[in-house]
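Residue numbers (the working numbering), protein chains in the order written: chain X, 104 to 283; chain W, 6 to 106. Positions of the beta carbon are idealized from the N, C-alpha and C atoms, including for glycine. Single-structure report; data block below.
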Amino acid sequence: MLDTLFYFFAAITLISALLMVLSPNAVNAAICMIVSFVNTAALFVLLEAYFLAILQVLVYAGAVMVLFLFIIMLLDVDKDGSSYLKEKMSLAGSIAGFALLVILIFSAFVGGQYLPETALQAVGENPTGEGPGIPFTTSAKSFGYSLFTKYMLPFQVTGFLLLAAMIGVIVVSKKQGDFK
Amino acid sequence: MTVGLNAFILVAALLFAIGMLGVLLRKNTLVIYMSLELMLNAVNLALVAFSRYNGTMDGNLFVFFIITVAAAEVAVGLAIIVALFRRRQTVMVDQLNALSR
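In structure tokens form, the structure reads like this:
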């Protein structure tokens with residue numbers, strides 16, 4: 104059952120990502136992107152990372168893509184359709200590069216299939232605080248536990264980065280000459 | 006679930022390749038930016054899969070930080086694109102060639 108779900112969600116993720124890249128309309132691309140993000144969240148659920156799945160839907164499919172759609176509609180960039188398919192050279196070069204990357208990935212996996220397959224281990228509910236590392240748990244509690252012990256400095260740096268980004272956005276989006 | 010780590014990594018690598026195709030192929034700056042987000046998302050998927058199969062929490066914490074940084078990055082990037090559009094009246098990368106003239 105779970106295997107079928109994995110193949111289903113992985114297929115939808117890949118197909119909608121490809122549609123995003125290939126659709127000439129920017130709004131359609133953004134909608135396909137939302138579908139791809141939601142299905143990635145479903146893959147996170149299959150990996151038992153429930154907190155990250157919710158975060159993915161809220162932050163990526165919610166906030167980020169709404170911001171993208173707002174800017175796309177605000178700038179109204181669809182009027183002159185991007186005719187990337189008409190330029191043969193750039194199309195041929197892009198597809199050749201993509202094909203090379205896909206062949207590289209598949210050849211790496213053909214070589215990697217002789218490696219022993221990693222088994223899925225059982226996971227606990229709550230962080231214990233014992234042992235060397237932080238064990239994988241399904242609860243959001245272990246995020247807080249890790250953020251305030253091992254990842255204290257990155258956590259605070261991230262907070263400062265958000266502040267810097269907020270000030271930067273305000274400065275960049277003001278009209279020129281507003282600071283006199 | 007009997008699906009192994011390899012399958013998840015294959016999906017993540019293909020997502021990354023599709024994102025790179027978008028960066029190479031598209032001319033609309035906004036769609037190029039969305040493709041960059043797709044590549045970040047592929048890396049997130051790989052990190053969560055490694056974290057789950059390895060039995061440690063660190064990969065999930067990395068993804069937490071990546072999502073935070075990506076949200077901040079999208080806000081700044083879109084503000085820059087809006088400022089660019091306000092000055093040049095276009096966001097197509099083939100028309101943004103002021104340095105070559």
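Buried versus exposed call for residue i [16 or more other C-beta atoms within 10 Å across all chains shown]
i, result
"ILE206(X)", "exposed"
"ARG93(W)", "exposed"
"SER252(X)", "Checking the sequence, you will find Thr at residue 252(X) rather than Ser. Looking at its Cβ environment, which holds fewer than 16 other Cβ atoms inside 10 Å, THR252(X) is exposed."
"ALA202(X)", "exposed"
"ILE237(X)", "buried"
"GLY24(W)", "buried"
"ALA132(X)", "buried"
Cα-Cα separation, residue i to residue j
i, j, result
"LEU150(X)", "ALA54(W)", "7 Å"
"VAL98(W)", "LYS32(W)", "5 Å"
"ASP106(X)", "PHE13(W)", "12 Å"
"ALA156(X)", "LEU29(W)", "29 Å"
"VAL96(W)", "CYS135(X)", "21 Å"
"ALA152(X)", "ASN65(W)", "8 Å"
"VAL79(W)", "GLY60(W)", "31 Å"
"SER357(X)", "ILE208(X)", "Since the displayed chain X opens at 104 and closes at 283, residue 357(X) lies outside it and no answer follows."
"ALA199(X)", "ALA22(W)", "12 Å"
"PHE239(X)", "PHE112(X)", "23 Å"
Beta-carbon separation (whole angstroms), residue i vs residue j, contact threshold 8 Å
i, j, result
"VAL36(W)", "GLY27(W)", "7 Å"
"VAL74(W)", "LEU264(X)", "7 Å"
"PHE140(X)", "ALA166(X)", "The pair is not a contact, with the Cβ atoms about 11 Å apart (cut-off 8 Å)."
Unbroken alpha helix (DSSP H) run spanning residue i, endpoints
i, result
"THR34(W)", "34-59"
"THR107(X)", "105-125"
"GLY82(W)", "63-93"
"ASN11(W)", "10-30"
"MET254(X)", "First, the residue type needs correcting, since residue 254(X) is Tyr and not Met in the sequence shown. Element bounds for TYR254(X): n/a, residue is neither H nor E."
"THR143(X)", "129-149"
"ILE175(X)", "168-178"
"ILE157(X)", "153-158"
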